[in-house]
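Chains as they are written, first to last, in the working numbering: chain A, -9 to 349; chain B, 59 to 191. We treat Cβ as the ideally placed atom computed from N, Cα and C, and that holds for glycine. Because the structure is a prediction, the values reported are computed rather than measured. Notes follow once the structure below has been shown.
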């Protein structure tokens, strides 16, 4: 039953035409799969796939105080982003919890674009607006200006550059370009562990670009494959692996926190880093049968030891994988754990990142 | 993976939770999930069967099938005792997608209450139920 309140991306008609299975996701009606999650997953690992991620939000931050403001709200050292650079960071609360995880692109001297998770977009905007007081900066919601396509896979760059006749920036860079006679941003980023780019384009040209890439042999992929791909390489999903109740330190994201910049939450994060945390987020593999799912209890030596935050069947490894917050003394790779999958104890082992590596 | 179009054989009995039963004599039956069930679930990657000898009850879960994305309980269309499970599904669970009424069968059961068949749907009734949903 269609929910009238669900939002649709500019590519909704294309998804419907391809026979996608559409599901509600963070208030949007999104394709979860077209031909099957395993096929789409394999296309990205071996060829090229594209994802409509237009539900993601965009916030523009501009003005003489942009750097000082972003330095205050983002966990990473924003001063190190050169023109045309990209950076991953956390947006933290005053207690150091993760409100969202985001990419920031520097589009101009005093102009930055932040890409938010759709479920957090409104809250992020309110948070940024509130903390921008006192800074000479404008914070604008520009989510309606962009459709977003992630084109990922070992052949993604080649096919895309040829199909659209554009030059692509290297990894972790953003280039201003023109696609379909409209301004576009081409970002050397992604969420799959494969090479590729993310396109931020005018919603009006999204359908013809989608059609062109489809003709060029890029495989349409849904959120299902997006999730299996990201979990195989241990990329975090906010709302599951990252929450406002956990610091980046226990999530394994200490590398993108530069407390010396004095960002909101830095004190709590410095303390967590110094004193250690009771639990840590670890990747794990199931040994044998069983597929772990979010919320499954983790046990060690028959004692409660944590809980799964993300779990799935890994199409590349053909076994159950996941991430879980466990007692810090169990975080060492190789540690034996058990996952309580709906009453059945499934043996597993803490692994190192990433769970899947090419070759 | 090539999936067939929706189909619901006339010689089966159907449970409204999208399970089928193929009667074998008066007191045996084979159970599985319908085309609709496998299509809703997506590619099955894991089948967690019951033990041979286990007692199962009509309308209760007796097994699980999982796709990449989701897990689904399999509901018994009739009551009985498990006499055989489809071992082949351990290695190739995708048979449940490819051939849900043939090689994708789940269990063979000795029925303890064969008269429960009266409560199941015929193919035509099941198809009508799906159209209304």
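Need the endpoints of the alpha helix (DSSP H) that residue 197/A sits in, please. Here the question's residue 197/A lines up with position 207 in the first chain. Taken as a continuous stretch (DSSP letters only), the alpha helix (DSSP H) holding residue 197/A covers 196 to 205.
Could you tell me whether the Cβ of residue 156/B comes closer than 9 Å to any Cβ of chain A? In the second chain, counting from the first residue as 1, residue 156/B sits at position 98. Not an interface residue.
Three-state secondary structure (DSSP) of residue 145/A: Taking the first residue of the first chain as 1, we reach residue 145/A at position 155. DSSP places residue 145/A in coil when its eight states are reduced to three.
With 16 other Cβ atoms within 10 Å as the buried cut-off, status of residue 116/B: For the purposes of this step, residue 116/B is identified with residue 58 of the second chain, where counting begins at 1. Flag for residue 116/B reads buried.
Within a Cβ cutoff of 6 Å, which residues of the same chain sit near residue 88/B, ignoring the five residues on either side of it in sequence? Numbered from its first residue, the second chain carries residue 88/B at position 30. Within the same chain, residue 88/B has close Cβ partners 80, 163, 166.
Cα-Cα separation, residue 159/A to residue 203/A: In the first chain, counting from the first residue as 1, residue 159/A sits at position 169. In the first chain, counting from the first residue as 1, residue 203/A sits at position 213. Using only the alpha carbons, I get a separation of about 18 Å.
Could you work out which residue in 336/A, 154/A, 130/A is closest to residue 290/A when comparing CA atoms only? For the purposes of this step, residue 290/A is taken as residue 300 along the first chain, with counting starting at 1. Closest option to residue 290/A, Cα to Cα, is 336/A.
Does the segment 74 to 83 of chain A come within contact of the segment 271 to 288 of chain A, defined as at least 3 CB pairs closer than 8 Å? no
Under 8 Å: do the segment 136 to 152 of chain B and the segment 315 to 333 of chain A share three or more Cβ pairs, one atom per stretch? no
Under three-state DSSP, which class holds residue 134/B? Stepping through the second chain from its first residue, residue 134/B is reached at position 76. Note: residue 134/B maps to coil in three-state DSSP.
Which term fits residue 95/B, buried or exposed, when burial requires 16 or more other beta carbons within 10 angstroms of its beta carbon? For the purposes of this step, residue 95/B is identified with residue 37 of the second chain, where counting begins at 1. Result: buried.
Check whether the Cβ of residue 132/B lies closer than 9 Å to any Cβ atom in chain A. Numbered from 1 along the second chain, position 74 holds the residue referred to as residue 132/B. False, the Cβ-Cβ gap to chain A never drops below 9 Å.
Does DSSP classify residue -9/A as helix, strand or coil? Walking along the first chain from the start, residue -9/A turns up at place 1. Confidence at residue -9/A is low in this model, with a pLDDT of 46, below 50, so its placement is unreliable and the value that follows should be read with caution. Three-state result, residue -9/A: coil.
Would you mind stating whether residue 187/A and residue 137/A have Cβ atoms separated by less than 9 Å? As a working mapping, residue 187/A is identified with position 197 in the first chain. As a working mapping, residue 137/A is identified with position 147 in the first chain. In this structure, residue 137/A does not lie closer than 9 Å to residue 187/A by Cβ.
Do residue 269/A and residue 315/A have their C-beta atoms closer together than 9 Å? In the first chain, counting from the first residue as 1, residue 269/A sits at position 279. In the first chain, counting from the first residue as 1, residue 315/A sits at position 325. Yes, the pair counts as a contact, with Cβ atoms nearer than the cut-off.
Looking only at DSSP bridge pairs, what is residue 154/B linked to? Position 96 of the second chain, counted from the start, is the residue given in the question as residue 154/B. In DSSP, residue 154/B forms no bridge with anything.
Do the segment 44 to 53 of chain A and the segment 121 to 134 of chain A meet, that is, are 3 or more Cβ pairs less than 8 Å apart? yes
Whether or not the segment 211 to 227 of chain A and the segment 166 to 173 of chain A are in contact is what I'm after, with contact meaning three or more pairs of Cβ atoms, one per stretch, closer than 8 Å; do they touch? no
Using the Cβ count rule (16 or more neighbours within 10 Å means buried), how would you classify residue 142/A? By 1-based counting over the first chain, the position of residue 142/A is 152. With 16 or more Cβ atoms within 10 Å of its Cβ, residue 142/A is classed as buried.
Between the segment 80 to 101 of chain B and chain A, which residues of the former have a C-beta closer than 8 Å to a C-beta of the latter? 100, 101
What's the call for residue 21/A, buried or exposed, on a 16-neighbour Cβ count within 10 Å? Here residue 21/A refers to the residue found at position 31 when the first chain is read from its first residue. That one is buried.
Under the three-state DSSP convention, the category residue 59/A falls into: Within the first chain, numbered from 1, the residue matching residue 59/A stands at position 69. Residue 59/A falls in the helix class under three-state DSSP.
Enclosing alpha helix (DSSP H) for residue 216/A [first to last residue]: Along the first chain, one-based indexing puts residue 216/A at 226. It spans 213 to 222 - the alpha helix (DSSP H) in which residue 216/A sits, taken as one unbroken run.
Among 253/A, 56/A, 271/A, 339/A, the one whose alpha carbon lies nearest that of residue 97/A: The sequence position of residue 97/A within the first chain is 107, counting from 1. Taking only the C-alpha atoms, the option nearest residue 97/A is 56/A.
Counting Cβ pairs, one atom from each stretch, are 3 or more of them under 8 Å apart for the segment 246 to 253 of chain A and the segment 67 to 79 of chain A? yes
Taking the beta carbon of residue 35/A as the centre, do at least 16 other beta carbons fall within 10 Å, making it buried, or is it exposed? Here residue 35/A refers to the residue found at position 45 when the first chain is read from its first residue. Result: buried.
Cβ separation of residue 312/A and residue 300/A, assumed to be a contact under 8 Å, to the nearest whole Å: The sequence position of residue 312/A within the first chain is 322, counting from 1. The sequence position of residue 300/A within the first chain is 310, counting from 1. Contact holds; Cβ gap of about 6 Å.
Which of the three DSSP states is assigned to residue 247/A in this structure? Taking the first residue of the first chain as 1, we reach residue 247/A at position 257. If DSSP states are grouped into helix, strand and coil, residue 247/A belongs with coil.
Does the Cβ of residue 41/A lie closer than 8 Å to at least one heavy atom of the ligand MN? With respect to small molecules bound, the structure shown includes none, and the ligand MN cannot be examined in it.
Short CB-CB distance (under 9 Å) between residue 305/A and chain B: Position 315 of the first chain, counted from the start, is the residue given in the question as residue 305/A. Residue 305/A counts as touching chain B.
Strictly below 9 Å CB to CB, what residues from chain B border residue 361/A? Only positions -9 to 349 of chain A appear in the structure, and residue 361/A is not among them; the question remains open.
Measure from the alpha carbon of residue 58/A to the alpha carbon of each residue in 31/A, 239/A, 125/A, 6/A, then state which is nearest. For the purposes of this step, residue 58/A is taken as residue 68 along the first chain, with counting starting at 1. Nearest C-alpha to residue 58/A: 125/A.
What does a CB cutoff of less than 6 Å around residue 151/A pick up in its chain, not counting 5 residues either side in sequence? Residue 151/A sits at position 161 when you count from the first residue of the first chain. 158.
For residue 217/A, count neighbouring C-beta atoms within 10 Å of its own C-beta (all shown protein chains included) and say buried if the count is 16 or more, exposed if not. Position 227 of the first chain holds residue 217/A. So residue 217/A ends up on the buried side.
So, at 6 Å on beta carbons, what are the nonlocal neighbours of residue 129/A in its own chain, with the 5 sequence-adjacent residues on each side left out? For the purposes of this step, residue 129/A is identified with residue 139 of the first chain, where counting begins at 1. Closer than 6 Å at Cβ, skipping near neighbours: 51, 118, 119, 122.
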